[in-house]
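Asker:
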Amino acid sequence: MSDDFGQEQAIRKLAPGKLVIASHNPGKVREIAALLGPFGIEPISAASLDLPEPEETGTTFIANAELKAMQAADLSGLPALADDSGLCVEALDGDPGLFSARWAGPTKDFAMAMQTVWDGVEAKGPDAGHGAYFICALALAWPDGHVEAFEGRIDGTLVWPPRGDQGFGYDPMFVPYEHDISFGEMDPDAKHAMSHRAKAFDKLVAAVF
Numbered sequence: 168m169s170d171d172f173g174q175e176q177a178i179r180k181l182a183p184g185k186l187v188i189a190s191h192n193p194g195k196v197r198e199i200a201a202l203l204g205p206f207g208i209e210p211i212s213a214a215s216l217d218l219p220e221p222e223e224t225g226t227t228f229i230a231n232a233e234l235k236a237m238q239a240a241d242l243s244g245l246p247a248l249a250d251d252s253g254l255c256v257e258a259l260d261g262d263p264g265l266f267s268a269r270w271a272g273p274t275k276d277f278a279m280a281m282q283t284v285w286d287g288v289e290a291k292g293p294d295a296g297h298g299a300y301f302i303c304a305l306a307l308a309w310p311d312g313h314v315e316a317f318e319g320r321i322d323g324t325l326v327w328p329p330r331g332d333q334g335f336g337y338d339p340m341f342v343p344y345e346h347d348i349s350f351g352e353m354d355p356d357a358k359h360a361m362s363h364r365a366k367a368f369d370k371l372v373a374a375v376f
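First residue of the sequence shown: 168, per the working numbering; consecutive thereafter.
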């Protein structure tokens, strides 16, 4: 057993070089690659390596991120970083949550998914409120099975109709607290500075770089 496993809570450092981004979502790959830019990392998308998308059977965001990262690291022989994230709507008891991507269907139709979310909130009546939050879990795995995981969250409110064509997914219907524009209207650099993914990434950077 290596020292990395023998030391309880030990954090393994990530050396500069190739890193698989274990996602087939171009928007996520772009955001993660931009965040990795300053650290001497050469990001490679799972899609470019023809890696399969695993079935997300975890019951938490971190479990799904770890599952995806470990499979990509095992198949590629390289360290791999995976993201599992979603929109949690308070009026919908946390849905779509872990199933955020699945609500968009096989064609990744997020216009449909946003409409489904809004219809569900409206059906709850005027007292349900529009509070929501994004969660992002990041898992970094090595081919030997070692994995580190980190989670970030940002709270805000839902708006309708969706606003802006920046970002991806549910971004156009989410306005973070203390802001008056949606993630869909926000300059990507501004979003990268304060999003759920950025908060999780800040924790990862502090630990492994």
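Glycine included, every Cβ here is placed at the ideal spot set by N, Cα and C.
What you are looking at is a predicted structure, and each value in this text was computed from that prediction instead of being measured.
Can you confirm whether the region 314-325 touches the region 362-375 when touching is taken to mean that 3 or more C-beta pairs between the two stretches lie within less than 8 Å?
Answerer: Because the criterion of three Cβ pairs below 8 Å is met, the region 362-375 and the region 314-325 touch.
Asker: Could you name the residues that DSSP lists as bridge partners for E315?
Answerer: As a working mapping, residue 315 is identified with position 148 in the sequence shown. According to DSSP, which records beta bridges pairwise, E315 is partnered with L307.
Asker: Can you pull the DSSP bridge partners for L254?
Answerer: Start at 1 with the first residue of the sequence shown, and residue 254 comes out as number 87. Answer is F301, bridged to L254.
Asker: If you follow the alpha helix (DSSP H) that G194 is part of, which residue opens it and which one closes it?
Answerer: If you number the sequence shown from 1, residue 194 lands on position 27. Unbroken alpha helix (DSSP H) run through G194: P193 to L203.
Asker: When DSSP builds the beta bridges, which residues end up paired with A247?
Answerer: In the sequence shown, counting from the first residue as 1, residue 247 sits at position 80. Residue pairing from DSSP places A247 in a beta bridge opposite V187 and A308.
Asker: Applying the criterion that 16 or more other CB atoms from any shown protein chain within 10 Å of the CB defines a buried residue, is D170 buried or exposed?
Answerer: Position 3 of the sequence shown holds residue 170. Below a pLDDT of 50, predicted positions are generally treated as unreliable, and D170, at 44, falls in that range; the measurement from the model is reported next regardless. With fewer than 16 Cβ atoms within 10 Å of its Cβ, D170 is classed as exposed.
Asker: For R320, which residues does DSSP report across the bridge?
Answerer: For this step, residue 320 is matched to residue 153 along the sequence shown. Paired residue(s): I302.
Asker: Going by C-alpha distance, which of K195, D217, D276 and E233 is nearest A308?
Answerer: As a working mapping, residue 308 is identified with position 141 in the sequence shown. Residue E233 is the option with its Cα nearest to A308.
Asker: When you compare only the Cα positions, how much space is there between Y344 and Y300?
Answerer: Taking the sequence shown and counting its residues from 1, one reaches residue 344 at position 177. Taking the sequence shown and counting its residues from 1, one reaches residue 300 at position 133. Going from the Cα of Y344 to the Cα of Y300 covers about 10 Å.
Asker: Tell me whether the region 226-243 and the region 184-201 touch, counting them as touching only if at least three CB pairs, one residue from each stretch, are closer than 8 Å.
Answerer: The way I'd put it, the region 226-243 does touch the region 184-201; three or more beta-carbon pairs between them come closer than 8 Å.
Asker: With 16 other CB atoms within 10 Å as the buried threshold, where does M279 fall?
Answerer: On the sequence shown, residue 279 is found 112 positions in, with the first residue counted as 1. Counting Cβ neighbours within 10 Å, M279 comes out exposed, since fewer than 16 surround it.
Asker: Can you give me the C-alpha to C-alpha distance between A295 and L325, rounded to a whole angstrom?
Answerer: Residue 295 sits at position 128 when you count from the first residue of the sequence shown. Residue 325 sits at position 158 when you count from the first residue of the sequence shown. Near 12 Å, if we compare the C-alpha coordinates of L325 and A295.
Asker: State buried or exposed for D251, treating a residue as buried only when at least 16 other CB atoms are found within 10 Å of its CB.
Answerer: To locate residue 251, count along the sequence shown from 1; it is residue 84. Buried, by the Cβ-count rule.
Asker: Using the Cβ count rule (16 or more neighbours within 10 Å means buried), how would you classify P246?
Answerer: Residue 246 sits at position 79 when you count from the first residue of the sequence shown. The residue is buried, with at least 16 neighbouring Cβ atoms inside 10 Å.
Asker: Tell me whether F350 is buried or exposed, calling it buried when 16 or more other Cβ atoms sit within 10 Å of its Cβ.
Answerer: Taking the first residue of the sequence shown as 1, we reach residue 350 at position 183. So F350 counts as buried.
Asker: So P210 is in the beta strand (DSSP E); what residue range does that whole segment cover?
Answerer: Counting from 1 along the sequence shown, the entry for residue 210 is found at position 43. From DSSP, the beta strand (DSSP E) with P210 extends over I208 to S212.
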